[in-house]
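These notes concern the structure reproduced below.
In this note's numbering, the protein residues as written are 10 to 524.
Below, the structure is given as structure tokens:
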């Protein structure tokens, strides 16, 4: 067996055809393969071509010993050797640096084809930094303004009538179930069924209204009770309307009517107390005998959502007590004072008010409704869509509150169309119903009817027309979206807060002076 001790002979053995082919294969494997046409002018393909050219040049320049030494060095260093060779022969001065017509990333033609993830991260960092500074500045200037009785105080005990009224609300679904059971057994006629449901649904709203107006309760307690009452009313209307339609479809099927073949009877007509009880607590406003269900309850997931709910609720309380209350208390009535001062107060209030509104949306529509759906194994969890991308005000109202939107479409909009009412009038009717309930949920707990909430909701109708016109004219999704954010969140909500606050304070001063 021959032993080679000479460095030259060792290098020579390393430079065998097999070694050169291994080097050639490793370089080409990294940069796309041998013989590929370099049609693309990207840096990767240019570097690959340069490396292949470098490999040939290394073999041609100098004597055999030089080539042997260069080849063994590349094999020995692996990727570092390839990078060194590429650095030597890529981007030569004679190679063209500009090969294509290209736009700047922020130009109008290319801006929407680029990823803005980095800028989005920058906005988050700046937002956190700016708000952290404002929080520190606020605490240094005003101190800790949150009262010990913010969540509960001795005055909360005065709200026990409202709590008892809330506990009596299940009486109305029970009465509606009895009416439907009698209708199923054909003990009462259809006009009687409709009349009884009208009485039950009306009483479900009027009873809490009377209790709130007769009691000197906190505004927050009154708003909570009115929200529960409105939810019960919407659910009872859906329960009555759905069963009425199912009875009508069942009668057509029994008669063998031609229309019955085109009707889709997804569920058999059956009045079931278990279905009603599930519907009354489920996160939906549209009744149906059965719903899509999930397979199990994720307990760990539910716990994490409860933690998030507690954190964001605390954030809302902090912003309200530390920012919104001082701004509102140091303001004047926006319709009675100086215009520019009122505008300054509205704009100053808009940012914390927007934060509270976004936190409220996240807490209720995402966290709470998903927690409720998980505990009840409710499958359809599309409680909202991407309303923040709404191009028009009309799109916003169709996407931000899906339970109410589905109820409006199912029990109000399409019934109006089937009765010969035009689409425009049907939309206006839907806004009127929404405005009435917004006014009830705010005016009744405040014990005053100024119709600010009603006017604010009805003002959405001309905004719908304006944003639809702009969207059709400019074909630009940003115009309507910016108008929505400006009028709805920056100007509209802070203005309503100031109006209701000062009217409420004036009412309290009048009441105290009369006593």
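Ideal Cβ positions, reconstructed from N, Cα and C, are used throughout, including at glycine.
By the Cβ test, the region 428-441 is not in contact with the region 302-317, since fewer than three Cβ pairs between them sit closer than 8 Å. Contact between the region 368-379 and the region 329-336 is absent: fewer than three C-beta pairs spanning the two stretches fall below 8 Å. Apart from sequence neighbours up to five positions away, the residues of its chain that approach residue 444 with a beta-carbon distance below 6 Å are 463, 466 and 467, ordered along the chain. The shortest C-alpha to C-alpha distance from residue 180 to any of 217, 198, 498 and 296 is the one to 217.
Separation of the CB atoms of residue 301 and residue 378 is rounded to 15 Å, and the pair is thereby denied contact status at 8 Å. When the alpha-carbon of residue 136 is set against those of 364, 290, 421 and 416, the nearest one is in 364. Around the beta-carbon of residue 114, fewer than 16 other beta-carbon atoms lie within 10 Å, marking it exposed.
Residue range 228-264 is occupied by the alpha helix (DSSP H) that includes residue 264. By the neighbour-count definition (other C-beta atoms within 10 Å, threshold 16), residue 441 is an exposed residue.
In the DSSP assignment, residue 404 falls within the unbroken alpha helix (DSSP H) covering 402-408. Between residue 296 and residue 244 a beta carbon distance of about 7 Å is seen, short of the 8 Å cut, so the two are scored as contacting. Contact check for residue 330 against residue 513 fails: the beta carbons are separated by 8 Å or more. Shown here, residue 458 sits in coil according to DSSP, grouped into three states, outside any helix or strand. Inclusion of residue 256 and residue 192 in the CB contact set at 8 Å is warranted, their separation being smaller than that value. Contact between residue 405 and residue 451 is ruled out by a C-beta separation of about 20 Å, above the 8 Å threshold. In the DSSP annotation of this structure, the continuous segment of the alpha helix (DSSP H) that includes residue 139 starts and ends at 126-151. Taking a cut-off of 8 Å for Cβ pairs, the region 341-357 and the region 378-388 do not touch, as fewer than three such pairs fall below it. Per DSSP, reduced to three states, the secondary structure at residue 387 is strand. Less than 8 Å separates the beta-carbon of residue 171 from that of residue 234. By the criterion of a C-beta distance shorter than 8 Å, residue 239 is surrounded in its chain by 214, 446, 449 and 450, once the five residues flanking it on both sides are discounted. Contact check for residue 294 and residue 413: beta-carbon distance about 7 Å, within the 8 Å limit, so the pair qualifies. Excluding sequence positions up to five before and after residue 395, its CB lies less than 6 Å from no other CB in the same chain. Ranked by Cα distance from residue 242, the first of 252, 289, 260 and 342 is 289. Proximity to residue 501 across 236, 356, 138 and 175 peaks at 356, based on C-alpha coordinates. In the three-state reduction of the DSSP assignment, residue 302 falls in the strand class. Here DSSP, grouped into helix, strand and coil, assigns residue 469 to helix. Excluding the 5 residues flanking it on each side, residue 481 has no same chain C-beta neighbour closer than 8 Å.
From the listed residues 206, 487 and 453, the smallest Cα separation to residue 226 is found for 453.
A check of alpha carbon separations from residue 391 across 402, 401, 407 and 511 identifies 407 as the nearest.
Here DSSP, grouped into helix, strand and coil, assigns residue 427 to helix. A Cβ-Cβ contact shorter than 8 Å links residue 503 with residue 362.
In the structure shown, residue 296 falls within a coil segment according to DSSP collapsed to helix, strand and coil. Ranking 124, 279 and 489 by CA distance to the CA of residue 472 puts 489 first. With a contact defined as Cβ atoms closer than 8 Å, residue 318 and residue 372 qualify at about 6 Å. Your pair residue 237 and residue 178 checks out as a contact, with CB atoms roughly 6 Å apart and the cut at 8 Å.
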